[in-house]
Structures are given as structure tokens and as C-alpha cells.
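K.L.:
Numbering (my numbering), first residue to last: 8 to 146.
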């Protein structure tokens with residue numbers, strides 16, 4: 008406290024206020040710069056997701072049709088059905104796709120979107136295939 012009192016007596020009040028205001032303003036400007044750069048990064052990554060999304064939809068569609076074909080083969084050959092497989096695969100199909108997108112958005116390093124999003128789409132598609140394949144034989 009005594010050092011602060013000596014500092015206040017030696018320096019004028021205007022210098023202290025300018026010093027405090029300047030540091031505060033610098034902190035606020037740095038904060039806004041970080042917000043802008045982070046926003047630009049998220050928008051750039053969302054744009055990448057937007058451009059990869061047709062590939063993801065095509066993959067999901069192909070695996071959905073394949074699952075329907077496997078379901079029909081099982082239905083016409085009198086195969087077994089399991090509700091446990093259906094319910095567990097149903098919960099994982101959305102989980103992998105949403106978490107893949109989330110991981111890509113929050114990664115602090117620069118990485119190609121194909122590595123994460125195509126992997127997430129393939130995993131999600133495999134579980135979608137299992138979900139559709141495990142539908143009941145009759146509705």
C-alpha cells in the first residue's frame with residue numbers, strides 16, 4: 008500500500024487515469040480481435056461442412072437403401088429380428104454425425120474437413136444401415 012501511495016503522490020492523477028484507461032481499452036480491443044478471428048474460423052468451418060454435406064447425404068442415402076434391401080432379404084427368408092440391435096444402432100447413428108461436426112468445429116488446429124466429417128459420415132451410415140436392417144419384418 009505504501010508503494011501505491013508514493014506512486015500516486017509522484018505521478019499526476021491524469022497519467023494514472025490514462026494509464027488505466029489505456030490498458031482497459033487495449034484489453035477490450037484484444038478481446039474483440041479474438042472474437043472476430045474465432046467467428047471467422049467458425050464461419051469458414053461451417054462453410055466446409057456445408058460443402059461436404061451433399062456427400063454425407065449421399066452416403067446416408069446409399070446405406071439407407073442397402074439397409075432396406077438387407078431387411079427385405081431377411082424378411083423374405085424368415086430371418087431373426089432383434090429390437091435391441093435396432094434401438095442401440097438408432098441412438099448411435101445420430102451420435103457419430105453430430106459429434107463429428109462438433110469436433111471439427113471446436114478443434115484448435117487446422118485439419119482437413121474430409122478426415123473428420125467423412126469418417127463421421129461413414130460411421131453414422133454404418134449405424135443407419137444396422138438400424139434400417141433391424142426394422143421389424145411387419146409393421
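Glycine included, each C-beta is placed from N, C-alpha and C at the ideal position.
What you are looking at is a predicted structure, and each value in this text was computed from that prediction instead of being measured.
Leaving out five residues before and five after residue 93 in sequence, what residues of the same chain have Cβ atoms less than 7 Å from its Cβ?
P.N.:
In chain order, 138, 141, 142 place their CB closer than 7 Å to the CB of residue 93, counting only its own chain and leaving out the 5 sequence neighbours on each side.
K.L.:
Helix, strand or coil, according to DSSP, for residue 8 in the structure here?
P.N.:
With a pLDDT of only 45 at residue 8, under the threshold of 50, the placement of this residue in the model should not be trusted, and no figure is reported.
K.L.:
Taking Cβ to Cβ, would you say residue 56 is nearer than 8 Å to residue 108?
P.N.:
yes
K.L.:
Reducing DSSP to helix, strand and coil, say where residue 46 ends up.
P.N.:
helix
K.L.:
Output the distance between the C-alpha atoms of residue 105 and residue 79, rounded to the nearest integer angstrom.
P.N.:
29 Å
K.L.:
Please go through the same chain and pick out, in chain order, the residues whose beta-carbon is closer than 6 Å to the beta-carbon of residue 77, but skip the five residues on each side of it.
P.N.:
140
K.L.:
Please state the DSSP three-state secondary structure of residue 72.
P.N.:
Helix at residue 72.
K.L.:
Between residue 117 and residue 49, what straight-line distance do the alpha-carbon atoms span, to the nearest angstrom?
P.N.:
Taking C-alpha positions only, residue 117 is separated from residue 49 by approximately 12 Å.
K.L.:
In the DSSP assignment, find the unbroken alpha helix (DSSP H) run with residue 106 in it and report its ends.
P.N.:
90-113
K.L.:
Assuming the contact rule is C-beta atoms closer than 8 Å, residue 133 and residue 70 should be a hit. Round their C-beta distance to whole Å, please.
P.N.:
7 Å
K.L.:
Considering just the uninterrupted stretch of the alpha helix (DSSP H) at residue 126, what are its terminal residues?
P.N.:
Under the DSSP assignment, residue 126 falls in the alpha helix (DSSP H) whose first and last residues are 126-140.
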